[in-house]
Amino acid sequence: MWKSTIHASNILQRAVMEEVTAILGGGIRIGVVFQGKKVRDDNKTLLQTGISHDYKLDALGFSLEPNPIQAPQPLGPDCRSCVLPYDTPRPLTRCPSPATVVHTGIQQGRPDDHTGTNLNNFLESDHDSTPSSHYTALEKISANSRALVPVTTVNAEALSVVPLRKTKRSESTQRRIRRPFSVAEVEALVQAVEKLGTGRWRDVKLRAFDNAKHRTYVDLKDKWKTLVHTARISPQQRRGEPVPQELLDRVLTAHAYWSQQQAKQQMKQPSETYLLL
DNA sequence: GTTAGGG
DNA sequence: CCCTAAC
Numbered sequence: 001m002w003k004s005t006i007h008a009s010n011i012l013q014r015a016v017m018e019e020v021t022a023i024l025g026g027g028i029r030i031g032v033v034f035q036g037k038k039v040r041d042d043n044k045t046l047l048q049t050g051i052s053h054d055y056k057l058d059a060l061g062f063s064l065e066p067n068p069i070q071a072p073q074p075l076g077p078d079c080r081s082c083v084l085p086y087d088t089p090r091p092l093t094r095c096p097s098p099a100t101v102v103h104t105g106i107q108q109g110r111p112d113d114h115t116g117t118n119l120n121n122f123l124e125s126d127h128d129s130t131p132s133s134h135y136t137a138l139e140k141i142s143a144n145s146r147a148l149v150p151v152t153t154v155n156a157e158a159l160s161v162v163p164l165r166k167t168k169r170s171e172s173t174q175r176r177i178r179r180p181f182s183v184a185e186v187e188a189l190v191q192a193v194e195k196l197g198t199g200r201w202r203d204v205k206l207r208a209f210d211n212a213k214h215r216t217y218v219d220l221k222d223k224w225k226t227l228v229h230t231a232r233i234s235p236q237q238r239r240g241e242p243v244p245q246e247l248l249d250r251v252l253t254a255h256a257y258w259s260q261q262q263a264k265q266q267m268k269q270p271s272e273t274y275l276l277l
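By UniProt numbering, the letter at position 84 of the first sequence is numbered 84, and the numbering carries on one by one without gaps.
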């Protein structure tokens, strides 16, 4: 009976949680959340987002984020343990960079590229172990610092229901910081997959990202999944540093090749399971 | 520990 | 990215 209530509260709770947790150290920002998804103010209108002012307003929520200048900064390279012992709503435990200030001009352009351009055996091994790098914060800030607040009509009810309770994972595992793949990394991934296929991520990792501590084979597998998707959508729908079309083409080619390859292998070994039956 | 997929 | 069922 109270399903709808739970739903609404979950959305807001999660929204607040995510914002307060992942962006600490970022700039002050008021993000709008719709159906559990943050609404990017990129170039999409509320309408395009699905929010059309009269219904589903209960699915709208907002989130407030701490100002970077005020955000605590007594954190060292490893701040995974700076969490409050109590069920506080996600304390400021990130490792933001104090000196990092919003570069109002970075909007779409990413300050990312800092990775060597040597494709063959690039492999970054240093600047990756420091979560305090400003990239994350900068990205978020530059991405959308223009606070938009069309949350006027939000039901006071829905808001009041927000548990604002303890955040799961709080004490334990801190969500890893976002690290967009550079074109160089994509190049290495593609090259490795073309050679090893899409079912040996462990090997792909060892082959092309052996010294990239922050890239696990699961990450590579996930990245490949998004690359295939990216290659299929229109260039206009893609985000982040554009990946050379040439690479995306190779992704589709390799994906098609290994897909058939995988199908053939399953044809020869229908699993000895029922050979035993 | 590694795969494979959904969340 | 995370979470995890399967293996």
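Quick reminder that beta carbons are idealized off the backbone N, C-alpha and C, glycines included. Since we're looking at a predicted model, the values are computed, not measured.
Cβ neighbours of residue i in the same chain (closer than 7 angstroms, five flanking residues each side left out)
i, result
"D203", "L196"
Spatial distance of residue i from residue j (CA atoms)
i, j, result
"G240", "P180", "8 angstroms"
"E187", "K264", "27 angstroms"
"A256", "V243", "19 angstroms"
"residue 278", "Q245", "In the structure displayed, the chain extends from 1 to 277; residue 278 sits before or after that span and is not available."
"K225", "T216", "14 angstroms"
"R207", "E194", "12 angstroms"
"Q191", "S259", "16 angstroms"
"D222", "H229", "11 angstroms"
"Q236", "V218", "27 angstroms"
"T198", "T173", "29 angstroms"
"L220", "F209", "9 angstroms"
"A254", "M267", "20 angstroms"
"W201", "L189", "10 angstroms"
Three-state secondary structure (DSSP) of residue i
i, result
"H214", "coil"
"A156", "With a pLDDT of 42 at A156, under the threshold of 50, the predicted position of this residue should be treated as unreliable, and no value is reported."
"Q191", "helix"
"E241", "coil"
"S234", "coil"
"M267", "helix"
"S182", "coil"
"residue 306", "Any question about residue 306 goes unanswered here, given that the chain covers just 1 to 277."
"T198", "coil"
Continuous alpha helix (DSSP H) stretch holding residue i: start and end
i, result
"R175", "Here R175 belongs to no alpha helix (DSSP H), and DSSP marks it neither H nor E."
"R207", "W201 to A208"
Residues near residue i in its chain [Cβ-Cβ closer than 6 angstroms; skip 5 each side]
i, result
"A231", "L248, V251 and L252"
"Q262", "none"
"R238", "T230"
"L227", "V251"
Proximal residues to residue i (C-beta, below 8 angstroms), its chain only, five neighbours per side dropped
i, result
"K205", "R215, T216, Y217 and L220"
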